[in-house]
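End of the sequence shown sits at 488 in this note's numbering; the numbers just go up one at a time, nothing left out.
Yeah, the Cβ is synthetic: ideal placement off N, Cα and C, and Gly gets one too.
Note that the structure is predicted; figures quoted are calculated from it, not measured.
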Amino acid sequence: MAAVASGLPKVQQEPSEALRIVADNNGAENVPKDEPRVSSSQSAISMKEQLEQHHQDDAEGSWAKLSIYRIPNYLKDGDKKTYVPQIVSLGPYHHGKDHLRHMDQHKWRCLRCILERSHHEIGLYIDSMKEQRQLVQMMVLDGCFVIELLQGVAEGFEKLGYPSNDPVFSKWGSIFKILIQRDMILLENQIPLFILAWLLGLQLGNPDQEGRVGKLVLEFFDPIGSERVEFDPSRDRCGLHCLEVLWHSFLPSSLTQARTTRWQQYQDKLIPCLTELMEAGIKFKRTFTENFGDIQFKVEYGILEIPYIEIHPGTRSIFLNLIAFEQSHFDCREHITSYVMFMHNLINSFEDVRYLCKRQIINHCLGSDAEVADLFNLLCQEVVFDIQDSYLREVCIKVIDYYRWKHISLHISWRASIAQKWNAWRAILKNKYFDNPWSIISFMAATVLLVLTFLQALYAVWLLQAAFLISYIVKII
């Protein structure tokens, strides 16, 4: 429980306003008149006590032991609702909040069902945790709730002893499952994975359950993502909590670790936008890999291969909390942040989204293509990101080198200049005017109508001239 305790917020006494020292030119102390004067010895003792307390905190729970993080303020200020649970609280940060209390009755029902099924006493769970009583009760109750959900989705709730019409623990509670999924991926709403494994181990009589819990987590979250890389929790490191298990499953299958010194920032962007790349003759192709982060660039063909990704209303919350986790966890490379930044630079307008949808790279159920563009353009606000550390760094270098080489070669001759304009016009024509079959049919119909009108006018002029010629001949005769 040290990992959890170290992650709990510690209440620190704020120094009184009277202790604020503002030095004047003579070095004197200015103390507000309505506040009692505090001696320098008392201030020194107070600061020494706080210094000792902070030293103990660092010794007892270092950053390496943290399991549950708070959202950094610079991220939370943008959209607080994205990081706050709406239906169920898990862990210490949102425990006891009024709008989440209605799920407590279902947690207690879940715990009672587990005890009846396993023939255990509640003391077995409580005595195994040598921590504060309130913290133990919260962790046992929330942990059992999560474990029951994971097992129910994988094996069926009726097999666990719940009736088929249960409001939460049944297939009829699918609406709750969707909402609970959304809350379970929030960074501040996590239960340490070792606690879930420990609770499942008590139920099954086998303590080594971390790999099984990891697999259950992936099965539970499977519908909310796209195709993901094969991740074996029983073999690979599972992580701190459910969110990190999900984060591991989203990682690209092949990560480039090489470093070069050729990188030069392109106006603080990873790559130019899609329309600019198309103007340089770069093509886009969907690649059928197991992970949406496996982006490749084929230099010899000028093709940027991007895997398929499905965008749905929950995508924003998933990405934001994964980014917040990468920004908070010290031992975590920013792979999700790199991907989101890449898409943010690639997509500049709804026309870019429309083209990617046409290439079957993006599929979404949002209201419009403009909403998808806004999604990627707003995800990275206030995010601290190092381009040099991006796993897509080498891909971006190849794309930019090709883009610049194309621009140089296209400007060598007049024909190249015409080709560049043709590529630009063709890109605009494809994205704006010929993005669906009806536009093409309408264009062909208009063209045929224009040709027929021209022929009709030509025929009318010819008839007029023929009539004039005939009348002239008749007069002569």
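- Three or more beta-carbon pairs drawn from the segment 382–394 and the segment 355–369 are found closer than 8 Å, and the two stretches are therefore classed as touching.
- ILE98 carries a coil assignment under DSSP once its states are collapsed to helix, strand and coil.
- For GLY292, the CB contacts under 7 Å within the same chain, skipping 5 residues up- and downstream, are GLY313, LYS417, ASN434 in chain order.
- The count of Cβ pairs closer than 8 Å, one atom from the segment 442–459 and one from the segment 312–327, stays below three, leaving the stretches out of contact.
- Cβ atoms of GLN97 and ASP194 come within 8 Å of each other, at about 6 Å.
- The C-beta separation of ILE189 from LEU254 comes to about 17 Å, leaving the pair out of contact by the 8 Å criterion.
- Collapsing the DSSP output to three states places PRO448 in a helix.
- Only buried fits ARG223, as 16 or more other CB atoms lie within 10 angstroms of its CB.
- Nearest to VAL395 by alpha-carbon distance, out of ILE186, LYS294, ILE347, LYS296, is ILE347.
- Ranking PHE205, GLN148, PHE231, ASP397 by CA distance to the CA of LEU161 puts PHE231 first.
- Shown here, ILE320 sits in a strand according to DSSP, grouped into three states.
- Just measuring C-alpha positions, the residue of LEU377, ALA478, SER175 sitting nearest GLY325 is LEU377.
- Residue state for GLN201 is assigned as coil, using DSSP reduced to three classes.
- Proximity of the segment 336–345 to the segment 103–112 falls short of the contact definition, fewer than three beta-carbon pairs being nearer than 8 Å.
- Secondary structure at ARG297: strand, using DSSP grouped into helix, strand and coil.
- Straight-line measurement puts the Cα of VAL459 at about 33 Å from the Cα of SER360.
- The C-beta of PHE341 has fewer than 16 other C-beta atoms within 10 Å across all chains shown, which makes the residue exposed.
- The alpha carbon of ASP412 has as its nearest neighbour, out of LEU288, SER379, TRP119, the alpha carbon of LEU288.
- LYS118 is classed as buried because its beta carbon has at least 16 other beta carbons within 10 Å across all chains shown.
- The criterion of a C-beta distance shorter than 8 Å is satisfied by ALA384 and ASP363.
- Assignment of PHE308 by DSSP, reduced to helix, strand and coil, places it in the strand class.
- If you look at ILE373, you'll find it in the beta strand (DSSP E) that goes 373–375.
- Between THR298 and GLU316, the C-beta gap is smaller than 8 Å, which places the two residues in contact.
- When the beta-carbon positions are compared, ILE82 and LEU204 stay at least 8 Å from each other.
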